[in-house]
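Heads up: the structure comes next, in structure tokens.
If you want it as structure tokens, here you go:
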């Protein structure tokens, strides 16, 4: 894939598609680089406007979907909350597979209890 070296103007995207993989660079306040196997390089209008020019703001569909679904990706927080509420331990495979990533702040007896339950 060719490198994108030039700085883009705000709101502009450059994209490359190769073997169903989208590489996208979008210039907002800062440069945003994204990879996706699901999206196409489409732009959508959102409700906000640029403060100085009062133009409608456009964002790539990839960024909008990412911002809407970011909570679905955060599994570490879900694991931590299920360990803190020891009475409501989630007994799915997710907890079993990531029990090794339990933070040190969890008391040792909670780790032993969870390991013996599973």
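In the UniProt record's numbering, the protein residues as written are 1 to 118. Cβ coordinates follow ideal geometry from the N, Cα and C atoms, glycine included.
Look at the Cβ atom of residue 52, then the Cβ atom of residue 32, and state whether they are nearer than 8 angstroms.
Within the chain shown, residue 52 is the residue found at index 52, counting from 1. Within the chain shown, residue 32 is the residue found at index 32, counting from 1. Against a cut-off of 8 angstroms, the Cβ pair of residue 32 and residue 52 comes out as no contact.
Buried or exposed for residue 26, going by 16 or more other Cβ atoms inside 10 Å?
Position 26 of the chain shown, counting from 1, holds the residue named residue 26. Buried, because 16 or more other Cβ atoms sit within 10 Å of the Cβ of residue 26.
Helix, strand or coil for residue 8? Go by DSSP, reduced to three states.
As a first step, residue 8 is located in the chain shown; it is residue number 8 there, counting from the start. It is coil, neither helix nor strand.
To the nearest angstrom, report how far apart residue 35 and residue 6 are at their CA atoms.
Your numbering for residue 35 matches position 35 in the chain shown. Your numbering for residue 6 matches position 6 in the chain shown. Distance between the alpha carbons of residue 35 and residue 6 is about 19 angstroms.
Quick one: give me the first and last residue of the alpha helix (DSSP H) that residue 118 is part of.
Here residue 118 corresponds to residue number 118 of the chain shown, with the count starting at 1. Looking at the DSSP string, residue 118 is not in any alpha helix (DSSP H), and its letter there is neither H nor E.
What does DSSP give as the partner residues of residue 44 in its beta bridges?
Sequence index remark: in the chain shown, residue 44 carries index 44 (1-based). Bridge partners of residue 44: 59.
Within the same chain, show all residues whose beta-carbon is closer than 7 angstroms to that of residue 45, passing over the 5 residues directly before and after it, in chain order.
The sequence position of residue 45 within the chain shown is 45, counting from 1. Excluding residues within five positions, the ones whose Cβ falls inside 7 angstroms are 56 and 58.
In terms of alpha-carbon separation, which member of 9, 117 and 66 lies closest to residue 28?
Mapped onto the chain shown, residue 28 falls at position 28. For residue 28, the nearest C-alpha among the options comes from 9.
Rounded distance between the beta-carbons of residue 37 and residue 21, thought under 8 angstroms:
By one-based count along the chain shown, residue 21 stands at place 21. By one-based count along the chain shown, residue 37 stands at place 37. So it is a contact: roughly 6 angstroms between Cβ atoms.
Closer than 8 angstroms, CB to CB, is residue 32 near chain B or not?
The structure shown contains no chain B; it is built from a single protein chain.
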